[in-house]
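Position in the sequence shown (first residue = 1) + 356 = this note's numbering.
For each residue, glycine too, the CB sits at the ideal point set by N, CA and C.
If you're wondering where the values come from, they're calculated on a predicted model, not measured in any experiment.
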Amino acid sequence: MLCAIALSLAYPVREYIAQRSQISQLQRREAAARQEVEDLTSKKSRLGDPDYIKGEARRRLHYCDPGEQCFVVLDGQGGASQYGGTKQEQRRKPPWYETLWGSVEAADERP
Numbered sequence: 357m358l359c360a361i362a363l364s365l366a367y368p369v370r371e372y373i374a375q376r377s378q379i380s381q382l383q384r385r386e387a388a389a390r391q392e393v394e395d396l397t398s399k400k401s402r403l404g405d406p407d408y409i410k411g412e413a414r415r416r417l418h419y420c421d422p423g424e425q426c427f428v429v430l431d432g433q434g435g436a437s438q439y440g441g442t443k444q445e446q447r448r449k450p451p452w453y454e455t456l457w458g459s460v461e462a463a464d465e466r467p
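What follows is the structure, encoded as structure tokens:
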């Protein structure tokens with residue numbers, strides 16, 4: 357009799373545990389979504405601030421006020437930039453089309 361009761365309760369208990377874990381997972385996702393909404397709301401309010409827009413234009417686009425002198429400061433690594441490396445590194449690399457054609461020729465060769 358005890359085995360019959362245990363077997364009859366096994367499935368509902370297993371479903372209960374599965375549903376509880378699913379509920380906790382959904383609560384974590386809801387908390388993450390709420391945090392993202394708060395972040396986006398604060399970002400939206402910042403984008404309405406003219407001082408923030410002016411600061412971003414200066415930082416990202418290097419805009420200057422009228423009558424103001426602007427300078428670009430290199431990082432001091434001998435002409436290295438954040439995009440292409442030093443001029444010697446750029447000279448050592450072949451152009452992209454030569455690399456592409458070399459890979460086409462290599463793929464065309466039969467082993």
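- Taken atom to atom, the span from the alpha-carbon of P406 to that of P422 is near 17 Å.
- The beta carbon of R448 sits closer than 7 Å to no other beta carbon from its chain once the five residues preceding and following it are set aside.
- DSSP, read as helix, strand or coil, puts L430 in coil.
- Here the C-alpha atom of A463 lies approximately 41 Å from the C-alpha atom of D431.
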